[in-house]
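>
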């Protein structure tokens, strides 16, 4: 696609998003008017349409455009998944709604009620996501007919480069036309005939090839430790000629880590991380934790009172058991549980270590003599865990995540890779909880924690929460 066509398409996307915002605003206005029901819609709008309001609304549209642009809605998404684009939209509409709320406070806009904000956010988010789904479908169909195509050079002929090429060949809707490979020779023998279909350009001829041919993008698939100087030469060459250059990070970053480009002032950083750094999704997770934990604390307050009385009446000592646990990035916090053991249980543990039945550093014994009569029921039903909702509200824990370990168990760790489980907030429930709890060995427990970290999504949290209910009711593995 020519440069002016791309610019026209980009402007069209931007205009469509603003139209969606105006539509969401109109729908929210109609809903609020129906709630008020004092005057007719024409009179309602006439009261609010003025030069001042029109200027204010224009300023809001400009602000929304800036927010959408800064949220990355108008970057090329050819190689991005649908979910990443949807999270960008969720982040943009949430920030846009927050901006509208702040403006309404400053200018005392009576129309902007909580109901208005909710309807505005829902309509703008849903319609914008639907528009992106439609755009992806239409563009995919157009590209399959040879339009909106990008000419791509792949640097490298190793196995990784050829696997990447095969994925692009199998996805014609992405609109990439591989025009050749850059290397001194074909290094991978298993190339499905790629060496016969595409030309091989030597490194020394790359400058002239780019100068004499149409090249939209260059992707480098070479291990950086062996081709550091080649990286510099190719990047300089592409940047000088305005060609997009991409690097396959897995070829020189550790396999477990994901990477993200970040800017601070004039410096550019490549950040390596495991788990998830999607701030929008993590913000939604935290909001869900706060809302659900708050509702549950209020709803379960009568149960808390009954349990507290039962503990006090059946054994001497405090109602709650408070213990230091290891949280995110090894921050220590005080975890709350209903007390299920005798008051001096921690002191008695040293004498019981020889009876430990659990593998690894954790301590578990069946028929633990320290457990009180009411404590057995509380443990079997997992009611003893409910005070951890307070930890969730405080931010020490999440509803879903790896179980927080006592300091004693953490100090017994003998494998460094175990420590990656501390890269996220611990949770009340998780894959361990729905997979057998105390019945599974410690190594499997850690594997489940790391699997959760690597595959985390809001959908996975929702599934775990749903599966926790039958797991708790069955009481399997509770100890």
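Residue numbers (my numbering): 121 to 599. Backbone N, C-alpha and C define an ideal beta-carbon position, used for all residues, glycine too. From a predicted model like this one, the values you see are computed outputs, not experimental measurements.
1) Enumerate in chain order the residues of its own chain whose CB-to-CB distance from residue 351 is below 8 Å, with the five nearest sequence positions on each side excluded.
2) Going by alpha carbons, who is nearest to residue 460 out of 335, 449 and 440?
3) Using the three-state DSSP reduction, which class does residue 270 fall into: helix, strand or coil?
4) Mapping DSSP to helix, strand and coil, what is residue 547?
5) What residue ranges within the stretch 420–486 form continuous beta strand (DSSP E) runs of no fewer than 3 residues, ordered along the chain?
6) Using the Cβ count rule (16 or more neighbours within 10 Å means buried), how would you classify residue 456?
7) Is residue 359 buried or exposed, if buried means 16 or more other CB atoms sit within 10 Å of its CB?
8) Are residue 491 and residue 431 close, meaning C-beta to C-beta below 8 Å?
9) Based on Cα-Cα distance, which residue from 463, 462, 464 and 488 lies nearest to residue 474?
10) Rounded C-beta distance between residue 144 and residue 240? I'm assuming under 8 Å.
11) Please tell me whether residue 412 and residue 458 are closer than 8 Å, where the distance is taken between their beta carbons.
12) Since residue 188 and residue 219 are thought to touch, with beta carbons under 8 Å apart, how far apart are those beta carbons, to the nearest angstrom?
13) Which runs of the alpha helix (DSSP H) spanning at least 4 residues fall entirely within the stretch 505–582, listed in chain order?
14) Excluding the 5 residues preceding and the 5 following residue 121 in the sequence, name in chain order all residues of the same chain whose CB lies nearer than 7 Å to its CB.
15) Which residue comes first and which comes last in the alpha helix (DSSP H) that contains residue 600?
16) If I measure Cβ to Cβ from residue 509 and keep anything under 7 Å in the same chain, skipping five residues before and after, which residues do I get?
17) Could you tell me how far apart the beta carbons of residue 541 and residue 526 are, in whole angstroms, since I believe they sit closer than 8 Å?
18) As a quick exercise: from 438, 500, 506 and 517, pick the residue whose alpha carbon is nearest that of residue 422.
19) By Cβ distance, which residues of its chain are closer than 7 Å to residue 224, with the 5 residues on each side in sequence left out?
20) Out of curiosity, what's the CA-to-CA distance linking residue 336 and residue 354?
21) Who does residue 297 pair with in a DSSP beta bridge?
22) Just verifying my parser: in three-state terms, what is the DSSP assignment at residue 239?
23) Three-state secondary structure (DSSP) at residue 151?
24) Does DSSP put residue 121 in a helix, in a strand, or in coil?
25) Nearest chain C C-beta to residue 262 closer than 8 Å, yes or no?
26) Counting pairs of beta carbons, one from the stretch 444–453 and one from the stretch 541–552, are three or more of them closer than 8 Å?
27) Taking the runs of the alpha helix (DSSP H) that are 4 residues or longer, which of them lie wholly in the stretch 188–244?
28) In angstroms with no decimal places, state the Cα-to-Cα distance between residue 425 and residue 443.
29) Starting from residue 330 and walking both ways along the alpha helix (DSSP H), at which residues does that stretch end?
Let's see:
1) 340, 342, 344 and 367
2) 440
3) strand
4) strand
5) 440–446 and 452–458
6) buried
7) exposed
8) no
9) 488
10) 5 Å
11) no
12) 11 Å between Cβ atoms; not a contact.
13) 508–514, 527–530 and 562–574
14) A caution first: residue 121 carries a pLDDT of 47, below 50, which makes its placement in the model unreliable, though a value can still be read off. Contacts found: 268.
15) No answer is possible for residue 600: the residues shown for the chain start at 121 and end at 599.
16) 413, 416 and 417
17) Going by Cβ atoms, the distance from residue 541 to residue 526 rounds to 14 Å, so no, they are not a contact pair.
18) 506
19) 232
20) 14 Å
21) 271
22) helix
23) helix
24) With a pLDDT of only 47 at residue 121, under 50, the local geometry of the prediction cannot be trusted, and no value is derived from it.
25) Protein chains in the displayed structure number just one, and chain C is not present.
26) yes
27) 202–227
28) 21 Å
29) 326–332
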